[in-house]
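Chemist: Counting in our numbering, the sequence shown runs from 3 upward without gaps.
Questions regarding the structure given below will be posed in turn.
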Amino acid sequence: MKPLASASAAALLERIDYAVDCEIRSVTILSPTSIAIRFSVQDRGREFDWIDIIFEVNGVDNAHLIDEEKLPHVDMSEGISIIIEGTRTGIGIGRYVSLANLCDSPLCLIGSSIKYEEASFSG
């Protein structure tokens, strides 16, 4: 997995078009303070081929989770946001500009660090 900083997060989000209309594949609780979320997205860097991307948030101290069976029904028309403010970071569904607002998301993870990994399309 690769760590994300503000600049690399912005570049990644642009490359995957903020995951607009993507599919949420899974949310996995790895430990009490580490949660991973897997999306299937279109990658501009690969001529819009579908790939999976897994985000892992560590040091999680605030999370809004959705039941696994409801994930396919989540409205992804606004894509995702990744917010990095100082030593805090978060990811959520929808367009947000601050961690405080990110808590309004139906699915969000807020913690101390975020990293990602690209994987083969699982669809």
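By construction, the Cβ of each residue, glycine as well, lies at the ideal position given by its N, Cα and C atoms.
All values derive from a computational prediction rather than experimental measurement.
My assumption, with CB atoms under 8 Å, is that residue 107 sits in contact with residue 42. Please give the rounded CB distance.
Modeler: That belief does not hold up - the Cβ atoms of residue 107 and residue 42 are roughly 19 Å apart, past 8 Å.
Chemist: Closest to residue 37 by CA distance: which of 24, 45, 49, 56 is it?
Modeler: 56
Chemist: Which term fits residue 31, buried or exposed, when burial requires 16 or more other beta carbons within 10 angstroms of its beta carbon?
Modeler: exposed
Chemist: I'd like the ranges of any alpha helix (DSSP H) spanning at least 4 consecutive residues and lying wholly in the stretch 11–59.
Modeler: none
Chemist: Please report the straight-line C-alpha distance between residue 64 and residue 102, rounded to a whole angstrom.
Modeler: 11 Å
Chemist: Which partner residues of residue 87 appear in the DSSP bridge assignment?
Modeler: 90
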